[in-house]
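Undergrad:
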Amino acid sequence: MGRTRKSKKPRTDSVSESSSSTTSTPAKSNCCSDILFSIDERLSALDARLSLIEVLHKEFQNLRHSLEYSQQQVDSLTAENKSLKVSVDSLTSTLSSVKSQLTAVTTESKAMQETILDLQSRSMRDNMIFSGIPEPSTDDPEKAVKDFMVNQLKLTPQTVEQITFHRVHRLGQKLPTATRPRPIIVKFEHFKQKELIQRQGKQLKGTHFGLNDQFPPEIIRRRKILFPIRKIMITQEEPIMNHT
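Residue 72 in full-length UniProt numbering is what sits at position 72 of the sequence shown, and the numbering runs on without skipping anything.
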């Protein structure tokens, strides 16, 4: 009895596997390419960021150096400012001391001036100025004064002979163009003799002659300032005296 031969089936599985393998290879390749591209992009971005960080780091370092330099300048200026403040304080103290010394010197100077002025006034206490006495070419001031005492002040020759002087002279330099006689200054030896002449001054009322005490220029200046005030005060006192 003969055996029946089995027919062969087509090898479809093998073909299918081969086809599947061929199809999957390009897909895997594309996937790897995408991954590599993505990695490359990320690396490029990272490089850019690293470059930016490096630039920023350099700028930060420069800024830091600049700030350190600025701080050094500030510290230097602060030290200079402190030094200047110390100098200013020292100068202020010195100036204050100088002002105090100047005030003291000024006060002392004024006191000395007043002392000198007082001494000048005392030295002129016995002096009297005669004005209006004619001045001839051959002038004898002492004789002219004694004649004046007899003729104008109405003193007796005997009284005049008892009056003594320390000095008698004309004031200032004689000028050829002068139309008025120079005043005569007399320094009496005794103050009571001067007082006698002052009392006789009433005899000169209505004449061009004059009798005056001699004062330093500063006293004359002050008297000119005070005289109008004194005149006003006297004028104001008169109605009160009349009322009482």
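The C-beta atom is built at its ideal place from N, Cα and C for all residues, glycine as well.
Any idea which residues DSSP pairs L211 with across the strands?
TA: Per DSSP, F130.
Undergrad: What is the rounded straight-line gap between the Cα of F188 and the Cα of P216?
TA: About 17 angstroms.
Undergrad: Quick check on DSSP: helix, strand or coil for K187?
TA: It is a strand residue.
Undergrad: Going along the chain, which residues of its own chain have a beta-carbon closer than 7 angstroms to the beta-carbon of F165, five neighbours each way excluded?
TA: Cβ neighbours of F165 beyond the five flanking positions: E142, V186, K187, F188 and E189.
Undergrad: Can you tell me whether Q214 is buried or exposed? The criterion is at least 16 other CB atoms within 10 Å of its CB, across all chains shown.
TA: Per the 10 Å Cβ criterion, buried.
Undergrad: Output the residue ranges of the alpha helix (DSSP H) runs that lie fully inside the stretch 92-163 and measure 4 residues or longer, sorted by chain position.
TA: Fully enclosed alpha helix (DSSP H) runs of 4 or longer: 141-151 and 157-162.
Undergrad: Give the range of the beta strand (DSSP E) segment to which R170 is assigned.
TA: Run containing R170: F165 to R170, per the beta strand (DSSP E) assignment.
Undergrad: Indicate the three-state DSSP secondary structure (helix, strand or coil) for A27 in the structure shown.
TA: Correct three-state label for A27: helix.
Undergrad: Report the three-state DSSP secondary structure of residue 259 (helix, strand or coil).
TA: Outside the shown range of the chain (1 to 244) lies residue 259, about which nothing can therefore be said.
Undergrad: From R222 to M124, what distance separates their C-alpha atoms?
TA: Each residue's alpha carbon lies about 17 angstroms from the other.
Undergrad: Consult DSSP for G201 and reduce its assignment to one of helix, strand or coil.
TA: DSSP places G201 in helix when its eight states are reduced to three.
Undergrad: Please report the distance separating the alpha-carbon of T115 from that of V105.
TA: Computed Cα separation, rounded: 15 angstroms.
Undergrad: In whole angstroms, what is the alpha-carbon distance linking S96 and K82?
TA: Taking the straight line joining both Cα atoms gives about 21 angstroms.
Undergrad: By DSSP, does K192 sit in helix, in strand, or in coil?
TA: K192: helix per DSSP, three-state reduction.
Undergrad: How many angstroms separate the CA atom of L36 from the CA atom of S29?
TA: In a straight line, the C-alpha of L36 is about 11 angstroms away from that of S29.
Undergrad: Please state whether the Cβ-Cβ distance between I197 and I163 is less than 9 angstroms.
TA: Yes; because the gap between Cβ atoms is below 9 angstroms, this pair is in contact.
Undergrad: Going by beta carbon distance, what residues of the same chain come within less than 8 angstroms of F209, once the five residues before and after it are set aside?
TA: Contacts found: F130, S131, G132, I133, F148 and Q152.
Undergrad: Return the chain-ordered list of same chain residues with a C-beta closer than 8 angstroms to the C-beta of Q61, the five sequence neighbours on each side being excluded.
TA: Hits under 8 angstroms: none found.
Undergrad: Look at the alpha carbon of R49 and the alpha carbon of Q73, and state the distance between them as a whole number of angstroms.
TA: Taking the straight line joining both Cα atoms gives about 35 angstroms.
Undergrad: How should I53 be labelled, buried or exposed, when 16 other C-beta atoms within 10 angstroms of its C-beta is the threshold for buried?
TA: So I53 ends up on the exposed side.
Undergrad: Tell me whether L175 sits in a helix, a strand or coil according to DSSP, three-state version.
TA: Three-state DSSP puts L175 in coil, outside helix and strand.
Undergrad: Determine the direct distance from the alpha carbon of L77 to that of H65, and round the result to whole angstroms.
TA: Whole-angstrom Cα-Cα distance: 18 angstroms.
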